[in-house]
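Undergrad: Under this note's numbering, think of the first position of the sequence shown as 695, with each following residue one higher. Each residue gets a CB set at the ideal place from its N, CA and C atoms; glycine is no exception. These numbers come from a predicted model, not from an experiment.
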Amino acid sequence: ATTRKRKREEPAAPPEDRLEAIQARIEEVERQASSEMEEVEAKYARIALPLIEKRDALLGEIPGFWKTAFEHHEVLQCNLEEIDRDILGALRRVHSEDLGEETGGYVLTLEFGENEYFEEPSFHKITRPGDREGSEGDGADGGAGLHIRNSPVTWRDEKVPSRFPDSFFVLFFSEGAAVHPFVDIIKDDLLEDPVGAYRHGLERMAELRADGAEERADGEEEPPDLVQRLS
695 ATTRKRKREE PAAPPEDRLE AIQARIEEVE RQASSEMEEV EAKYARIALP LIEKRDALLG
755 EIPGFWKTAF EHHEVLQCNL EEIDRDILGA LRRVHSEDLG EETGGYVLTL EFGENEYFEE
815 PSFHKITRPG DREGSEGDGA DGGAGLHIRN SPVTWRDEKV PSRFPDSFFV LFFSEGAAVH
875 PFVDIIKDDL LEDPVGAYRH GLERMAELRA DGAEERADGE EEPPDLVQRL S
């Protein structure tokens with residue numbers, strides 16, 4: 695009976711077919727895991743939101759918080775000109791908001807106090823996937839499949855963009871600019887741990903003060919830009 699049963703069994707599928715079936719099951723498991731991970735991330739993002747809002751409110755109470763964080767960020771500090779350091783003194787809040795799964799992308803917002811350079815109290819840079827129908831004309835083509843749109847900035851002195859073409863904020867505010875590499879740095883690095891960036895800035899300034907004190911004790915002149923860097 696056993697022999698007749700074995701004879702009725704169909705031959706095993708070729709290895710290639712079995713491999714494809716297994717791969718399909720693996721991909722299904724991965725899709726399910728990805729879906730569940732998105733749900734978990736969304737859940738904890740909702741939990742974290744009120745804490746982030748409280749943190750942002752406290753950051754706004756610390757004079758020069760964002761100026762210190764920007765000036766001592768390992769990448770951003772290398773791209774600041776003197777005009778940028780002045781503008782940073784007016785920066786009050788930096789935050790980002792995801793646009794959702796359907797639209798994709800995010801909005802990065804910078805809020806400023808009164809300053810001598812431009813009129814708008816806030817600036818928005820919208821970055822999103824550009825491979826959608828009708829995406830042409832929505833903003834500047836940022837390359838890498840991205841599309842960018844800026845809110846307008848009215849310079850009090852119209853000559854600022856031409857006088858400071860390499861300024862961080864001139865480039866950042868430019869409507870026709872391609873993807874500004876610092877947008878993702880601000881969103882994914884600086885905003886992930888702004889307190890850590892600020893703390894690093896304070897530590898760096900303390901080191902500069904200590905170095906200056908040692909040099910004065912040795913009778914050496916203080917570097918001419920030290921006071922300005924600590925202000």
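1) Who pairs with G812 in a beta bridge, going by DSSP?
2) Specify the secondary structure class of E714 as computed by DSSP and reduced to three states.
3) Three or more C-beta pairs under 8 Å: does that hold for the region 852–871 against the region 729–744?
4) For P917 and G906, what's the separation of their Cα atoms in angstroms?
5) In the DSSP assignment, what residue or residues form a beta bridge with Y800?
6) Within 10 angstroms of the Cβ of A707, are there 16 or more other Cβ atoms? Answer buried if so, exposed if not.
7) What residue from F817, I720, R910 and K737 has the CA that sits closest to H789's CA?
8) How is I842 classed by DSSP in three states: helix, strand or coil?
9) Give the straight-line distance between the Cα atoms of L785 and P815, rounded to the nearest whole angstrom.
10) Less than 8 Å between CB atoms is the rule here; does E714 satisfy it with respect to chain C?
11) Roughly how many angstroms separate the alpha carbons of N773 and E755, rounded to a whole number?
12) If you run the structure through DSSP and keep just helix, strand and coil, what is E901?
13) DSSP on E805, reduced to helix/strand/coil?
14) What separation, rounded to the nearest whole angstrom, lies between the Cα atoms of S861 and F764?
TA: The answer reads as follows:
1) Residue numbering aside, residue 812 sits at position 118 when the sequence shown is read from its first letter. Looking at the sequence provided, one finds Phe at residue 812 rather than Gly. Paired residue(s): W849.
2) Residue numbering aside, residue 714 sits at position 20 when the sequence shown is read from its first letter. Looking at E714 - three-state DSSP - the assignment turns out to be helix.
3) no
4) By one-based count along the sequence shown, residue 917 stands at place 223. By one-based count along the sequence shown, residue 906 stands at place 212. Interpretation of P917 is limited by its pLDDT of 47, a score under 50 that renders its predicted location unreliable; no figure is taken from the coordinates.
5) Counting from one through the sequence shown, the residue named residue 800 turns up at place 106. For Y800, which the question treats as bridged, DSSP gives the partners D792 and T821.
6) For the purposes of this step, residue 707 is taken as the residue at position 13 of the sequence shown. It is exposed - the Cβ of A707 has fewer than 16 other Cβ atoms within 10 Å.
7) Taking the sequence shown and counting its residues from 1, the one referred to as residue 789 is at position 95. For the residues F817, I720, R910 and K737, the minimum Cα distance to H789 belongs to F817.
8) Sequence index remark: in the sequence shown, residue 842 carries index 148 (1-based). Reduced to three states, the DSSP call for I842 is strand.
9) Residue mapping note: residue 785 aligns to position 91 of the sequence shown, counting from 1. Residue mapping note: residue 815 aligns to position 121 of the sequence shown, counting from 1. Answer to the nearest angstrom: the Cα atoms are 9 Å apart.
10) No chain C is present in this structure, which holds just one protein chain.
11) Translated into the one-based positions of the sequence shown, residue 773 becomes position 79. Translated into the one-based positions of the sequence shown, residue 755 becomes position 61. For N773 and E755, the distance between alpha carbons rounds to 26 Å.
12) As a position in the sequence shown, residue 901 is number 207, starting the count at 1. E901: helix per DSSP, three-state reduction.
13) As a working mapping, residue 805 is identified with position 111 in the sequence shown. It is a strand residue.
14) Position 167 of the sequence shown holds residue 861. Position 70 of the sequence shown holds residue 764. About 14 Å.
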